[in-house]
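In my numbering, the protein residues as written are 7 to 227. Note that beta-carbon positions come from the ideal geometry of N, C-alpha and C, so glycine has one too. Computed from a prediction, not measured in an experiment: that's the story for all the values here. Here's the structure we're looking at; comments come further down.
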Ligand code: 5RP
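Structure representation (structure tokens):
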């Protein structure tokens, strides 16, 4: 779905890339298209160093001969280009639909600038979730118990009939936000629970957001 919009966004994102940049490479279907475009640009002589936000992104970048730095090697990141799951009018953002939220968040926090690619399906009045909550596997039952005490609806993420495990070896609990008025406050509270590694609420607001309106790419910020 929204394939055509994602493709337009991927092509428009390349205009923000400059020779010599250290570039954070996001995760998901939109970023996948952007990395394809970036691979062609590198093949034509463009020079950047990428920092991948997931093993899947690193794999794709390697196949396209995009030079990579690990997060440990990167002393700075100039710009990260990534997709999102939801964005509201205040530019609050939910991510982690692809399960890469932890590394995506660290890369976004490290980066001088953040550019998000958002097709029309991503815009909401109120962040409704699900909010991905990444947990240490042994703490899963404890976190679930605390969510139950708050009468929240949640699911332990599965993929192909198996528990979904992140690149960092953690589990993801997807929490429905219907009953949550203040998502920022709730995300801060979750970060205080033992066993919670990260949430998909991104405190760092984007510097730039690209979307598509009536077939044209528009920059919202
Ligand atoms: C992965 C993410 C993705 O950026 C988010 O899920 C958007 O994905 P897509 O581009 O496939 O719509 O946060 O963890």
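Limits of the beta strand (DSSP E) - the one that residue i falls within
| i | result |
| --- | --- |
| residue 224 | 222-225 |
| residue 146 | Per DSSP, residue 146 belongs to no beta strand (DSSP E); it is in the alpha helix (DSSP H), 146-155. |
| residue 113 | Premise fails: residue 113 lies in the alpha helix (DSSP H), 107-116, not in any beta strand (DSSP E). |
| residue 14 | Per DSSP, residue 14 belongs to no beta strand (DSSP E); it is in the alpha helix (DSSP H), 9-19. |
Proximity test, Cβ basis, 8 angstroms: residue i and chain D
| i | result |
| --- | --- |
| residue 91 | This model lacks chain D altogether; it includes just one protein chain. |
Cβ neighbour criterion (16 or more within 10 Å) applied to residue i
| i | result |
| --- | --- |
| residue 167 | exposed |
| residue 53 | exposed |
| residue 210 | exposed |
| residue 172 | buried |
| residue 163 | buried |
| residue 109 | buried |
| residue 126 | exposed |
| residue 198 | exposed |
| residue 136 | buried |
Heavy atom of ligand 1 within 7 angstroms of residue i beta-carbon
| i | result |
| --- | --- |
| residue 205 | no |
| residue 107 | yes |
| residue 111 | no |
| residue 91 | yes |
| residue 161 | no |
| residue 45 | no |
| residue 102 | yes |
| residue 37 | yes |
| residue 32 | yes |
| residue 230 | Missing from the structure shown is residue 230; the chain here goes from 7 to 227 and no further. |
Which residues DSSP lists as bridging residue i, in chain order
| i | result |
| --- | --- |
| residue 180 | 138 and 161 |
| residue 133 | Its beta-bridge partners do not exist; DSSP assigns none. |
| residue 122 | 88 and 215 |
| residue 75 | 57 |
| residue 233 | Shown here, the chain extends from 7 to 227; a query on residue 233 therefore has no answer. |
| residue 99 | 93 and 208 |
| residue 28 | 55 |
Bounding residues of the alpha helix (DSSP H) (the contiguous stretch that carries residue i)
| i | result |
| --- | --- |
| residue 45 | 35-49 |
| residue 196 | 189-197 |
Supposed close pair residue i, residue j - CB separation, criterion 8 angstroms
| i | j | result |
| --- | --- | --- |
| residue 87 | residue 57 | Not quite, the Cβ-Cβ distance comes to about 11 angstroms (not below 8 angstroms), so this is no contact. |
| residue 160 | residue 182 | 7 angstroms |
| residue 59 | residue 113 | 5 angstroms |
| residue 45 | residue 72 | 6 angstroms |
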